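Notes for the one structure printed next.
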């Protein structure tokens, strides 16, 4: 049988949260509400069972159940990528990744640090990569994720080129946080099936302008529609785009204030989640991060401010400060 066409994963691709109920189990109705919230705000694909999903604190059964649930709920409306391999042992990774592939996801994402867990360098990485490619289903598209935990392992150009040459990879979640690296990777991937998705809000707008295929950062859990507008329409409204990009950078600096609990507080406010319970965080985020709710208030206010300004662009009688009037 001919191999099916590879999906394209690009645009705004949230790293999904995992809601838990007060007993500590996955809250699947909350997962469903979260999916509909993402899709209602125009997200182009979903990345489930990632670090934001607290994958390191989920059992393999929970990871595979969550992946299958997301795939079934999305029902082909957008592509779904899943990660979920958390082990350093190569045989265990093969087992984990094949279990994730069986979820029916459009792509299975390899975590780069697990291919070189002892930081031994490119030879070990490439040897492990080739082993995994031989032992994973040939018809399952793959991705790459420079996950920061347990350590951030960035791909060298040689390693990235090897992945491109394999013709198995369709996405890289780039965590270099370096615009020059993003530009170089975009150039390396040009003409291939691999899409470079920047995950760093500080360079999001610059990376989009430099040819990155999308954004895959954690603040897609607050205002993915603003990143989407920036990607699709920012070039036509440069003054507003620059103001919005600055707001998005500043908002994202709060990631260190108890994320993902911070995002769960937001989703509890809007009715997506019933609980802010996390497995990765074992402390009271409000006690540790003073004025957390006040900070979140400002993020919400800023988000609504920019949404209103964007809506105003569709009203011919309204001109934004510094912007030409429509039709004039």
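In this note's numbering, the protein residues as written are -5 to 322.
All residues carry an ideal CB built from backbone N, CA and C; glycine is no exception.
None of the values given here were measured: they were computed from a predicted structure.
query                                                                                                                                 : result
Using only alpha-carbon positions, find the residue among 103, 178, 302 and 286 that is nearest to residue 152.                       : 178
Measure how close the beta-carbons of residue 110 and residue 147 come, nearest whole angstrom, since I'm counting them as under 8 Å. : 6 Å
Just the Cα atoms here: how many angstroms apart are residue 88 and residue 4?                                                        : 26 Å
Which of helix, strand or coil does DSSP assign to residue 224?                                                                       : helix
Give a yes or no on whether the C-beta atoms belonging to residue 36 and residue 222 are separated by under 9 Å.                      : yes
What are the partner residues of residue 192, as DSSP defines its beta bridges?                                                       : 168 and 209
So is residue -5 buried or exposed if we call it buried at 16+ other beta carbons inside 10 Å?                                        : Here residue -5 scores only 33 on pLDDT, less than 50, and its place in the model is too uncertain to base an answer on.
Are the CB atoms of residue 2 and residue 40 within a distance shorter than 9 Å?                                                      : no
To the nearest angstrom, report how far apart residue 102 and residue 187 are at their CA atoms.                                      : 15 Å
Exposed or buried, which one is residue 255 when buried takes at least 16 other CB atoms within 10 Å?                                 : buried
If you follow the beta strand (DSSP E) that residue 42 is part of, which residue opens it and which one closes it?                    : 40 to 42
Can you tell me which of the three DSSP states residue 75 falls into?                                                                 : strand
Check the DSSP bridge columns for residue 6 and list the partner residues they point to.                                              : 209
Judging by CA-CA distance, which residue of 7, 15 and 24 is the nearest neighbour of residue 265?                                     : 24
Nearest-angstrom Cα distance between residue 337 and residue 29?                                                                      : A query on residue 337 cannot be resolved here, the shown segment of the chain reaching from -5 to 322 and no further.
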